[in-house]
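Enquirer: Residues are numbered in the numbering used here as their position in the sequence shown, beginning at 1, plus a constant of 81.
What follows is a single structure, and I will ask about it in a moment.
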Amino acid sequence: MNDKAVVEYSVRDDVAYLVLDAPPLNILTAAMMNQITGCLEKARADRSLKAIALFSRGKAFSAGADVGEHRPEQAGEMIAAFSR
């Protein structure tokens with residue numbers, strides 16, 4: 082699994098910003114979903130936030146799940162990442 086950060090998290094004013102940064106298509110891997118979940122948990126813990134804004138870099142917001150990870154040996158990881 083690639084541990085490179087592909088989701089940026091920042092807070093300005095009362096808003097948490099999450100940016101998907103795996104251009105050009107921001108394909109959702111289990112690693113990216115885990116990073117998104119981590120960012121959302123961080124935002125949830127910050128009682129000063131009023132909103133969460135989700136953006137992406139590249140030509141598409143997201144092309145969806147990484148079908149290359151839809152292998153039997155990765156099924157458990159994918160199900161866990163996409164159902165949190």
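All residues carry an ideal CB built from backbone N, CA and C; glycine is no exception.
No experiment lies behind these values; they were computed from the predicted model shown.
1. Expressed to the nearest angstrom, what Euclidean distance is found between the alpha-carbon atoms of residue 111 and residue 164?
2. For residue 93, which three-state DSSP category applies?
3. In terms of residue numbering, what span does the alpha helix (DSSP H) encompassing residue 135 cover?
4. Throw me the rounded Cβ distance for the residue 117 and residue 130 pair, which I believe falls under 8 Å.
5. Quick check on residue 160: buried or exposed, where buried means 16 or more other Cβ atoms within 10 Å of its Cβ?
6. Candidates 154, 133 and 86: which alpha carbon is nearest residue 109's?
7. What is the DSSP secondary structure of residue 111, counted as helix, strand or coil?
Expert: To lay it out plainly:
1. If you take the alpha carbons of residue 111 and residue 164, they lie about 11 Å apart.
2. Strand at residue 93.
3. Here residue 135 belongs to no alpha helix (DSSP H); instead the beta strand (DSSP E) covers 132 to 137.
4. Not quite, the Cβ-Cβ distance comes to about 16 Å (not below 8 Å), so this is no contact.
5. Label assigned to residue 160: exposed.
6. Sorting 154, 133 and 86 by C-alpha distance to the C-alpha of residue 109 places 86 at the top.
7. If DSSP states are grouped into helix, strand and coil, residue 111 belongs with the helices.
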